[in-house]
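First residue of the sequence shown: 11, per our numbering; consecutive thereafter.
Cβ coordinates follow ideal geometry from the N, Cα and C atoms, glycine included.
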Amino acid sequence: MNAEHDANTAGRPEEAGAAIAERTLEEARRRLAALDDLPTADHVAVFDELHRELSGVLERLDRDGGADGETGDG
């Protein structure tokens with residue numbers, strides 16, 4: 011995804027949420043693929059960092075209404 015796509019989806023929360031999710035997943039996949047170049051002992055730190063980042067993105071999407079506009083509060 012790029013800045014032009016983000017600008018085009020800015021007024022549509024469901025598309026903006028999907029764009030954020032896709033970018034986040036692409037970055038996570040890239041970082042997981044790079045684990046092969048790291049010592050095994052360093053893998054846990056990468057997993058922990060990715061978990062924090064993914065959790066943060068999910069919290070933001072939930073707080074902002076997510077892809078379907080619901081907050082998940084019941």
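Between R73 and V67, what straight-line distance do the alpha-carbon atoms span, to the nearest angstrom?
10 angstroms
Same chain, Cβ closer than 7 angstroms to L45, five either side skipped, listed in chain order
So the qualifying residues of the chain are H53, V56.
Hey, out of A51, A38, R22, whose CA is closest to R62's CA?
A38
Do L64 and G27 have their C-beta atoms within less than 7 angstroms of each other?
no
With H, G and I counted as helix, E and B as strand and the rest as coil, what does DSSP make of L48?
Three-state DSSP puts L48 in coil, outside helix and strand.
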